[in-house]
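As structure tokens, the structure follows; a few thoughts come after it.
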Amino acid sequence: VGSGMVRPCAGEDGAGAEQSKVQSQVDFTRFRAMLVLTAIHDVMKNESLCPTVQPEHAPFNGYKAGEVILDHDVALDYTLTFFGDLFPSYRGLDPESQRLIRFTQGKMGFNYGWLVQGESPPGALFLTFKQLI
């Protein structure tokens, strides 16, 4: 519910919905965005797909013109920002869903794998996240 993918049907808080009826509804726009993100989020781990920063886009997230972006999250953010039409599923999303996906890939710098698996000290894990909030 907090992600916005599922919302109450009756009233703002679900009050008034009968117990025997469905009390929530899937937000298919958000759900589609989540599916697209799931499908493309690690595609740049294949280094042969990693983009080279074009002069007109430099600098980009610390990368200079002519440098190959090897960080797969930054590479995906770059590609979605400047060449998003290369991904048909991403291209088919509404602008707000595209913005949300780009935010999760580029601006947040948060690694869910590190959190779940305990692979990073808290300072490294939450540094960018803390700056954003």
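Counting from 8, one number per residue, gives the positions in the sequence shown under this note's numbering. In this text, a Cβ means the ideal position worked out from N, Cα and C, and glycines have one as well. No experiment lies behind these values; they were computed from the predicted model shown.
Would you mind sorting residue i into buried or exposed? The rule is 16 or more other CB atoms within 10 Å of its CB.
i: Ala65; result: exposed
i: Cys16; result: exposed
i: Leu77; result: exposed
i: Thr86; result: buried
i: Val8; result: Residue placement at Val8 is flagged as unreliable, the pLDDT there being 47, under the threshold of 50; the coordinate-derived value follows with that caveat. The residue is exposed, with fewer than 16 neighbouring Cβ atoms inside 10 Å.
My understanding is that residue i touches residue j, with C-beta atoms under 8 Å, so please give their C-beta distance in whole angstroms.
i: Asp84; j: Gly113; result: 3 Å
i: Asp101; j: Thr36; result: 6 Å
Would you say residue i and residue j are within 8 Å of each other, going by their C-beta atoms?
i: Cys57; j: Val75; result: yes
i: Ile47; j: Phe90; result: no
i: His79; j: Asp34; result: no
i: Val60; j: Gly73; result: yes
Under the three-state reduction of DSSP, which class applies to residue i: helix, strand or coil?
i: Gln112; result: helix
i: Gln32; result: strand
i: Ala24; result: With a pLDDT of 49 at Ala24, under the threshold of 50, the modelled position of this residue cannot be trusted; read the value that follows with caution. Coil at Ala24, not helix or strand.
i: Val50; result: helix
i: Phe89; result: helix
i: Phe67; result: strand
i: Pro58; result: coil
i: Pro15; result: strand
Worksheet item: Is the region 99-111 touching the region 66-79 in the sense that three or more CB pairs, one from each, lie closer than 8 Å?
Response: No: fewer than three Cβ pairs fall under 8 Å.
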